[in-house]
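**Student:** Following our numbering, the residues of the sequence shown are numbered contiguously, the last one being 453.
Quick reminder that beta carbons are idealized off the backbone N, C-alpha and C, glycines included.
Nothing here was measured: the structure is a model prediction, and the numbers come from that model.
Below you will find the structure I want to go over with you.
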Amino acid sequence: MPYATMPGHWLFGNFTQFQENPLALFSTARNYGDMVRLRFVYSYNYLLLHPDLIHEVLVAKAASVSKDRFIKNSLGVFIGQGLTMNEGESWKRQRKLIQPAFHAQRIARYADMMVQHTQAMITHWQNNNVHDIGQDMIRLTSGITSQTLFGTDISHEAKNIMALMDELQLLFRERTQTPAYPLWLPTDHNRRVKALTTKIDALVLGMVKARRISGEIDRGDLLSMLLMAQDDDGSGMDERQVRDETVTLFLAGNDTTYNALLWVWYLLSQNPAAEAKLQAELAAVLGGRLPTMADLPRLPYLEMIIKETLRLYPSAWAFVREATSDVEIGGMTFHKGATFTVSPYATHHDPRFFPQPEKFMPERFSAENEPTIPKYAYFPFGGGPRVCIGNAFAMMEMKLIVATIAQHFTLALASGHRVELEAYISLRPKYGMKMVVQERLNEKQPQPILV
Ligand code: HEM
Numbered sequence: 003m004p005y006a007t008m009p010g011h012w013l014f015g016n017f018t019q020f021q022e023n024p025l026a027l028f029s030t031a032r033n034y035g036d037m038v039r040l041r042f043v044y045s046y047n048y049l050l051l052h053p054d055l056i057h058e059v060l061v062a063k064a065a066s067v068s069k070d071r072f073i074k075n076s077l078g079v080f081i082g083q084g085l086t087m088n089e090g091e092s093w094k095r096q097r098k099l100i101q102p103a104f105h106a107q108r109i110a111r112y113a114d115m116m117v118q119h120t121q122a123m124i125t126h127w128q129n130n131n132v133h134d135i136g137q138d139m140i141r142l143t144s145g146i147t148s149q150t151l152f153g154t155d156i157s158h159e160a161k162n163i164m165a166l167m168d169e170l171q172l173l174f175r176e177r178t179q180t181p182a183y184p185l186w187l188p189t190d191h192n193r194r195v196k197a198l199t200t201k202i203d204a205l206v207l208g209m210v211k212a213r214r215i216s217g218e219i220d221r222g223d224l225l226s227m228l229l230m231a232q233d234d235d236g237s238g239m240d241e242r243q244v245r246d247e248t249v250t251l252f253l254a255g256n257d258t259t260y261n262a263l264l265w266v267w268y269l270l271s272q273n274p275a276a277e278a279k280l281q282a283e284l285a286a287v288l289g290g291r292l293p294t295m296a297d298l299p300r301l302p303y304l305e306m307i308i309k310e311t312l313r314l315y316p317s318a319w320a321f322v323r324e325a326t327s328d329v330e331i332g333g334m335t336f337h338k339g340a341t342f343t344v345s346p347y348a349t350h351h352d353p354r355f356f357p358q359p360e361k362f363m364p365e366r367f368s369a370e371n372e373p374t375i376p377k378y379a380y381f382p383f384g385g386g387p388r389v390c391i392g393n394a395f396a397m398m399e400m401k402l403i404v405a406t407i408a409q410h411f412t413l414a415l416a417s418g419h420r421v422e423l424e425a426y427i428s429l430r431p432k433y434g435m436k437m438v439v440q441e442r443l444n445e446k447q448p449q450p451i452l453v
């Protein structure tokens with residue numbers, strides 16, 4: 003399949019379009035073909051928009067590609083050699099060591115705790131108050147992640163963590179948009195990167211130290227597994243690797259999940275019929291009680307809502323691969339070093355696979371309709387060997403959080419609040435999400451007596 007060329011500036015190519023609005027660039031590229039060559043000043047990148055091509059690069063030819071140099075230079079400085087950045091034998095080893103922490107039976111044990119955290123949060127909510135839901139969701143997901151994976155609740159640090167994440171996103175963006183000078187050069191940007199990584203290290207290594215001092219290494223959480231992990235040859239992970247994996251999981255797990263939750267609340271607020279249907283399902287299955295892991299298979303509409311949210315607003319809106327040897331994609335041979343981008347955002351909005359793509363229609367994911375979606379037309383968690391390790395964890399967490407909150411509150415967009423998409427590390431609402439939390443009258447609660 004020959005590729006199409008995306009028109010652009012004679013010198014910068016598509017660089018400024020990418021800087022201004024990468025989502026618009028990738029979506030417009032769809033009009034030119036399924037494989038579109040983009041140019042960023044002097045380097046080329048092949049955007050793969052068709053599910054067959056996406057399958058080819060993520061799954062079939064996975065052995066001939068790696069994460070790209072660009073992402074390693076930009077995100078790698080913050081998260082080091084954690085799972086998302088690692089390659090080859092070292093990646094294989096780490097994935098094998100970490101995978102058991104995400105097995106179904108293991109994450110099922112976290113369910114009650116996720117619900118308790120959510121319940122504890124909403125006991126402080128007051129009817130008709132306006133909330134920055136981003137603050138609430140990040141507090142919740144960071145509390146849950148730190149508790150489940152590291153055995154400590156650091157949600158009291160939520161403001162701090164949010165500030166760190168904001169700074170990280172800002173610096174990451176700067177690194178992707180300006181030449182990334184070697185870290186040893188004392189530029190203002192590099193100084194800020196160092197200050198940030200020092201703060202992240204302090205937070206994470208603090209947890210590791212606290213665990214070592216406590217002497218109770220095995221608490222059955224992820225940190226225990228990292229600290230105890232031993233390879234076939236008996237060697238374990240050094241402190242640096244534990245730090246990198248911890249930061250990776252914390253960042254990969256939080257930013258994606260809390261942004262996805264923000265979009266769930268937004269979409270429900272804009273689609274009252276879907277909200278009503280969800281309420282009916284929750285009432286029928288839970289009748290006002292807290293959800294458990296065992297309830298989830300009986301809440302199919304809840305799952306459909308979350309899947310449709312991740313279709314419209316996939317947190318990981320694009321990712322890149324680099325050929326590690328000559329590789330054939332779409333019938334064409336590319337040389338070592340060629341880079342390929344896949345964009346869940348662009349493909350999820352392709353009308354060939356999702357008619358009326360801008361419309362929120364959870365029914366696309368009903369038991370009847372979902373199997374008709376072509377494989378890899380929908381891939382919010384990626385695919386192939388590097389598929390998201392936290393996929394099931396995130397789905398369970400989002401379902402339990404939404405089921406717990408939606409039974410007690412309806413979230414309405416604050417009047418005048420502007421919602422605009424922004425493609426940062428995750429897809430986020432540019433101006434946050436200000437919402438009014440409206441208490442629902444629970445039939446199980448005593449009704450007010452009218453005199
Ligand atoms: C809505 C939530 C989430 C979304 C949309 C999401 C999406 C993704 C995607 C698309 C990838 C593959 C990237 C690529 O191939 O380059 C990925 C990888 C990864 N995710 Fe997630 N993720 C989510 C939640 C989580 C959670 C909760 C965790 C952990 C607690 C997690 C940990 C990871 C890790 C460690 C990787 C790298 C895996 C590897 O390279 O072996 N993610 N995620």
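In whole angstroms, what is the alpha-carbon distance linking residue 352 and residue 207?
**Tutor:** The count along the sequence shown starts at 1 and reaches residue 352 at position 350. The count along the sequence shown starts at 1 and reaches residue 207 at position 205. Roughly 44 Å between the two C-alpha positions.
**Student:** Name the DSSP beta bridge partners of residue 15, please?
**Tutor:** As a first step, residue 15 is located in the sequence shown; it is residue number 13 there, counting from the start. DSSP, once it has assigned bridges, lists 11, 42 as partnering residue 15.
**Student:** Regarding residue 391 and ligand 1, is the C-beta to nearest heavy atom distance less than 7 Å?
**Tutor:** Counting from one through the sequence shown, the residue named residue 391 turns up at place 389. Result yes, Cβ under 7 Å from ligand 1.
**Student:** In the structure shown, what three-state DSSP assignment does residue 104 receive?
**Tutor:** The count along the sequence shown starts at 1 and reaches residue 104 at position 102. Helix at residue 104.
**Student:** Run through the region 301-362 for me and flag every whole alpha helix (DSSP H) of 4 or more residues, listed as ranges in chain order.
**Tutor:** The region 301-362 contains these whole alpha helix (DSSP H) runs: 302-314, 346-350.
**Student:** Residue 375 to residue 77, Cα distance in whole Å?
**Tutor:** In the sequence shown, the residue the question calls residue 375 occupies position 373. In the sequence shown, the residue the question calls residue 77 occupies position 75. Answer to the nearest angstrom: the Cα atoms are 32 Å apart.
**Student:** Should residue 290 be labelled buried (16 or more other beta-carbon atoms within 10 Å of its own) or exposed?
**Tutor:** In the sequence shown, residue 290 corresponds to position 288, counting from 1. Answer is exposed; the Cβ neighbour count stays below 16.
**Student:** By the 10 Å Cβ neighbour count, where 16 or more other Cβ atoms means buried, how is residue 399 classified, buried or exposed?
**Tutor:** As a working mapping, residue 399 is identified with position 397 in the sequence shown. With 16 or more Cβ atoms within 10 Å of its Cβ, residue 399 is classed as buried.
**Student:** Here's the rule: buried if 16 or more other CB atoms are within 10 angstroms of the residue's CB, otherwise exposed. What is residue 389?
**Tutor:** Mapped onto the sequence shown, residue 389 falls at position 387. Flag for residue 389 reads exposed.
**Student:** Taking the alpha helix (DSSP H) that residue 371 falls in, what are its first and last residues?
**Tutor:** By 1-based counting over the sequence shown, the position of residue 371 is 369. First-last for residue 371: undefined, no H or E at that position.
**Student:** Inspect the beta-carbon positions of residue 385 and residue 254 and report whether they are closer than 8 Å.
**Tutor:** Taking the first residue of the sequence shown as 1, we reach residue 385 at position 383. Taking the first residue of the sequence shown as 1, we reach residue 254 at position 252. No, the Cβ-Cβ distance between residue 385 and residue 254 is not below 8 Å.
**Student:** Along the chain, where does the beta strand (DSSP E) containing residue 246 start, and where does it finish?
**Tutor:** Within the sequence shown, residue 246 is the residue found at index 244, counting from 1. From DSSP, residue 246 is part of no beta strand (DSSP E) but of the alpha helix (DSSP H) over 241-272.
**Student:** At which residues does the alpha helix (DSSP H) containing residue 193 begin and terminate?
**Tutor:** Here residue 193 refers to the residue found at position 191 when the sequence shown is read from its first residue. Element bounds for residue 193: 190-216.
**Student:** So within the region 367-433, which uninterrupted beta strand (DSSP E) runs reach at least 3 residues, ignoring any that extend past its ends?
**Tutor:** Fully enclosed beta strand (DSSP E) runs of 3 or longer: 411-415, 423-425, 429-431.
**Student:** On a CA-only basis, which of 180, 178, 196 is nearest residue 186? Give me that one, please.
**Tutor:** The residue labelled residue 186 in the question sits at position 184 within the sequence shown. The option with the nearest alpha carbon to residue 186 is 196.
**Student:** In whole angstroms, give me the CA-to-CA distance for residue 141 and residue 422.
**Tutor:** Taking the sequence shown and counting its residues from 1, one reaches residue 141 at position 139. Taking the sequence shown and counting its residues from 1, one reaches residue 422 at position 420. If I take the Cα positions, the gap works out to 22 Å.
**Student:** Between residue 382 and ligand 1, is the CB less than 7 Å from at least one heavy atom?
**Tutor:** As a working mapping, residue 382 is identified with position 380 in the sequence shown. Yes, the Cβ of residue 382 comes within 7 Å of a heavy atom of ligand 1.
**Student:** Which of the three DSSP states, helix, strand or coil, is assigned to residue 3?
**Tutor:** To locate residue 3, count along the sequence shown from 1; it is residue 1. In the structure shown, residue 3 sits in coil (DSSP, three-state: anything other than H, G, I, E or B).
**Student:** Whose CA, out of 96, 365, 424, 201, lies closest to the CA of residue 238?
**Tutor:** On the sequence shown, residue 238 is found 236 positions in, with the first residue counted as 1. Out of 96, 365, 424, 201, 96 has the C-alpha closest to the C-alpha of residue 238.
**Student:** Starting from residue 68, follow its DSSP beta bridges and name the residues at the other end.
**Tutor:** Taking the sequence shown and counting its residues from 1, one reaches residue 68 at position 66. Its beta-bridge partners are 324.
**Student:** Could you tell me which of 4, 49, 5 sits nearest to residue 20, measuring between CA atoms?
**Tutor:** What you label residue 20 is simply residue 18 of the sequence shown in a count that begins at 1. Measuring from the Cα of residue 20, the nearest candidate turns out to be 49.
**Student:** Alpha carbon to alpha carbon, how far is residue 403 from residue 301? Give it in angstroms, no decimals.
**Tutor:** Position 299 of the sequence shown, counting from 1, holds the residue named residue 301. Position 401 of the sequence shown, counting from 1, holds the residue named residue 403. Their Cα atoms are separated by approximately 13 Å.
**Student:** In angstroms with no decimal places, state the Cα-to-Cα distance between residue 270 and residue 117.
**Tutor:** Residue mapping note: residue 270 aligns to position 268 of the sequence shown, counting from 1. Residue mapping note: residue 117 aligns to position 115 of the sequence shown, counting from 1. Between residue 270 and residue 117, the C-alpha separation is close to 20 Å.
**Student:** Give the range of the beta strand (DSSP E) segment to which residue 437 is assigned.
**Tutor:** As a first step, residue 437 must be located in the sequence shown, where it is residue number 435. Its beta strand (DSSP E) spans residues 436-441.
**Student:** Using a threshold of 7 Å, is the CB atom of residue 196 nearer than that to any non-hydrogen atom of ligand 1?
**Tutor:** As a position in the sequence shown, residue 196 is number 194, starting the count at 1. Residue 196: no, Cβ never under 7 Å from ligand 1.
**Student:** Run the proximity test for residue 97: is its beta-carbon closer than 7 Å to any non-hydrogen atom belonging to ligand 1?
**Tutor:** Counted from its first residue, the sequence shown places residue 97 at position 95. The answer is yes for residue 97.
**Student:** Which residue's Cα is closest to the Cα of residue 104: 148, 395, 366?
**Tutor:** Taking the sequence shown and counting its residues from 1, the one referred to as residue 104 is at position 102. Selected option, being the one with the closest Cα: 395.
**Student:** Would you say residue 74 touches ligand 1, meaning its beta carbon is less than 7 Å from a heavy atom?
**Tutor:** Position 72 of the sequence shown holds residue 74. Residue 74 Cβ: outside cutoff for every heavy atom of ligand 1.
**Student:** For residue 55, name the three-state secondary structure that DSSP assigns.
**Tutor:** For the purposes of this step, residue 55 is taken as residue 53 along the sequence shown, with counting starting at 1. Residue 55 falls in the helix class under three-state DSSP.
**Student:** How would you label residue 11, buried or exposed, when you count the other beta carbons within 10 angstroms and need 16 or more for buried?
**Tutor:** Position 9 of the sequence shown holds residue 11. Its Cβ having fewer than 16 others within 10 Å, residue 11 is exposed.
**Student:** Tell me whether residue 47 sits in a helix, a strand or coil according to DSSP, three-state version.
**Tutor:** Numbered from its first residue, the sequence shown carries residue 47 at position 45. Strand, per DSSP.
**Student:** Taking C-alpha atoms, which residue in 401, 230, 284, 113 lies nearest to residue 309?
**Tutor:** By 1-based counting over the sequence shown, the position of residue 309 is 307. Closest by alpha carbon: 401.
**Student:** First and last residue of the alpha helix (DSSP H) that includes residue 138?
**Tutor:** Here the question's residue 138 lines up with position 136 in the sequence shown. Start and end: 135-152.
**Student:** Using the Cβ count rule (16 or more neighbours within 10 Å means buried), how would you classify residue 382?
**Tutor:** To locate residue 382, count along the sequence shown from 1; it is residue 380. Burial call: buried.
**Student:** Looking at the secondary structure, which residues open and close the alpha helix (DSSP H) in which residue 118 lies?
**Tutor:** Residue mapping note: residue 118 aligns to position 116 of the sequence shown, counting from 1. Taken as a continuous stretch (DSSP letters only), the alpha helix (DSSP H) holding residue 118 covers 113-124.
**Student:** Can you check DSSP and say which residues form a bridge with residue 131?
**Tutor:** By one-based count along the sequence shown, residue 131 stands at place 129. In the DSSP output, where bridge partners are listed per residue, residue 131 has 439.
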